[in-house]
Amino acid sequence: MKVLYFAWLRERIGKAEEEVDPPASVVTASDLIEWLRGRGEEYALAFNNPKIVRVAFDRTHVQPGAKIAGAREVAFFPPMTGG
Amino acid sequence: MKVLYFAWLRERIGKAEEEVDPPASVVTASDLIEWLRGRGEEYALAFNNPKIVRVAFDRTHVQPGAKIAGAREVAFFPPMTGG
Amino acid sequence: MSEVRISEHPIDTTAEAAALSGLTNAGALVTFSGICRRDEDGSPIAALFLEHYPGMAEAEIERHVEEAKTRWPLLGVRVVHRTGRIEPGETIVFVATASSHREAAFAAAEFLMDYLKTRAPFWKKVERAGGSADQWVEAHDKDNAAAARWRKPKDAAE
Amino acid sequence: MSEVRISEHPIDTTAEAAALSGLTNAGALVTFSGICRRDEDGSPIAALFLEHYPGMAEAEIERHVEEAKTRWPLLGVRVVHRTGRIEPGETIVFVATASSHREAAFAAAEFLMDYLKTRAPFWKKVERAGGSADQWVEAHDKDNAAAARWRKPKDAAE
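Residue numbers (the working numbering), protein chains in the order written: chain W, 2 to 84; chain A, 2 to 84; chain X, -17 to 140; chain G, -17 to 140.
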């Protein structure tokens, strides 16, 4: 599964994207965040307040409880500030 | 007193402005309309529905009951359709 | 910074908008262009003819520009209204509002347009294609309703 | 007729507005320009840096343009969003809406801006004058409130 990071999440983690292969116990977007937090200090810092992190599956906004099943591209980013 | 007419009021009366000297019994804008209606068929036609005619004294909108006293320029016109 | 202009000449909306774009710290610029349509009430028109009350028209618009400036934090306002013969596709009226905040710029532009439609002394006459008689445009109830939403409690008796 | 574009190049608002002005029978054309301010939170800035999610940003804006077209009778819509480094006075985003009716053109432009602010995947970073550290702009509650007013009953759970 391809994971993308934007804005300060990208900066804190130190990369814009990566391939990950989480275990079967990772079912939802929230589960994936928890799992990523265990991968190192930079992830723990990036996701230290998971509530404010927004998620998209295959370029569509989803809620944290959404099931990952089938998503090829998962993106994490802060609240949007465009326009 | 100078009286101005605009749009179809101007067309029906056949002039854009004139000087008039109404009697002392003409106190309000409505009185002036009634008095003008008696001046000829073209005025009667122009003011055949006085309710829809708008009035301005010295370039400020007023209600039909407003007193003319002191106004130097009285204008009559249909509901506005600019913009 | 505000400017109100009434003119028989075509409106250069690009130049008008540019005049506001140099404003210090305006984060939001809204423009409205009212354009002469090709049809009116379902049949084609050759042109509109715009009559106005010189002196009062400018004063009335300026009064509403000042009112808008007391209601919203505006950095700039520009209103240009054309008069005379106007052909389909040409701009009849142009309003531009600049503010730090988009809500203010949008609200002020709508407010000014609603008032221009119902309170500024302009009258439109339709010149029909095909030579039938010219017709004065009738005022629309929905324009009065749109203007009424900006009315303050103290104006209720008006 | 609608167009959505994301580009690193400066936005030519004149050309963008002109692209909609030739529309058949559009009586109303509203434009919004979001301009990079000289100050942000009270202190001067050197520039903004706009990051976006390529692919998703276009899709998300296009989805909202389609939504706007189902809500209002629009004859044309144009949305251009700039990315990369943007200096004070330059345009960040440009929205234009054309309709037969001014109410529709105003409402659609506001709707699109409210959604761009809160749902389109763009992020602003402030480059301060004087060399202090760059800062990501925080989302504003009032932008979320502005977007919420367009929500339909069925979206209430969202």
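Beta carbons: idealized from backbone N, C-alpha and C, even for Gly.
- Distances from the CA of A:K3 to each of A:F58, A:P65, A:H62, A:V28 were compared; the closest alpha carbon is that of A:F58.
- Within its own chain, the residues whose Cβ lies closer than 6 angstroms to the Cβ of A:A45, once the five positions on either side in sequence are excluded, are R38, listed in chain order.
- Taking a 10 Å sphere around the C-beta of X:S15, we find 16 or more other C-beta atoms and assign the residue as buried.
- One alpha carbon belongs to A:T82, the other to X:F76, and they sit about 15 angstroms apart.
- Below the 7 angstroms Cβ cutoff, chain G contributes E33, W105, W118 as neighbours of W:A8, in chain order.
- Note that the C-beta distance between A:V56 and A:V28 is not below 8 angstroms.
- Around A:A76, the beta-carbon contacts reaching into chain X at under 9 angstroms are Y35, M38, P103.
- Not a single CB atom of chain A sits nearer than 8 angstroms to the CB of X:V108.
- Between the segment 117 to 129 of chain X and the segment 83 to 90 of chain X, the count of Cβ pairs shorter than 8 angstroms is below three; the stretches do not touch.
- Around the Cβ of X:D23, a 10 Å sphere holds fewer than 16 other Cβ atoms; the residue is exposed.
- Looking at X:F104, X:E(-15), X:I27, X:A28, the one whose alpha-carbon comes closest to that of X:E44 is X:E(-15).
- DSSP, reduced to helix, strand and coil, places X:L30 within a strand of the structure shown.
- Against G:S15, the close residues of chain X are L11, in the order they occur along the chain (beta-carbon pairs closer than 7 angstroms).
- X:K99 counts as buried, since no fewer than 16 other beta carbons sit within 10 angstroms of its beta carbon.
- Against A:P51, chain X offers no close residue; the least beta-carbon distance is about 16 angstroms (beta-carbon pairs closer than 8 angstroms).
- Collapsing the DSSP output to three states places X:Y35 in coil.
- Classified as exposed, A:D22 has fewer than 16 neighbouring CB atoms from the shown chains inside 10 Å of its CB.
- The beta carbons of A:G84 and A:S31 sit no closer together than 8 angstroms.
- Within chain A, the C-beta atoms nearer than 8 angstroms to that of X:H63 come from G83, G84, in chain order.
- Identification of chain A residues near X:A121 by a Cβ-Cβ cut-off of 8 angstroms yields P79, P80, M81, T82, ordered along the chain.
- By alpha-carbon distance to X:Y35, the top candidate from X:F93, X:P26, X:N7, X:T65 is X:T65.
- Of G:N7, G:I27, G:A102, G:E69, the smallest CA-CA separation from G:P55 is found for G:N7.
- Just measuring C-alpha positions, the residue of A:G71, A:F78, A:K52 sitting nearest A:A25 is A:G71.
- Membership of G:A80 in the beta strand (DSSP E) is indicated by the continuous run 73 to 81.
- Non-local beta-carbon contacts of G:I(-7) in its own chain, meaning distances under 6 angstroms to residues more than five positions away in sequence, involve V62, R64, T73, F76 in chain order.
- In this model, X:S25 and G:M(-17) are separated by some 23 angstroms (Cα to Cα).
- Distance from the CA atom of X:I68 to the CA atom of X:A28, rounded to whole angstroms, is 9 angstroms.
- Shown here, A:K52 sits in a helix according to DSSP, grouped into three states.
- G:S114 and X:A(-3) have their alpha carbons spaced roughly 38 angstroms apart.
- Contact between G:A80 and G:L2 holds, with the beta-carbon distance rounding to 5 angstroms and staying under 8 angstroms.
- Boundaries of the alpha helix (DSSP H) around X:T(-4): -5 to 3.
- For G:A78, no chain W residue has a C-beta closer than 8 angstroms to its own C-beta; the minimum C-beta separation is roughly 14 angstroms.
- X:W118 and X:F104 have their C-alpha atoms spaced approximately 11 angstroms apart.
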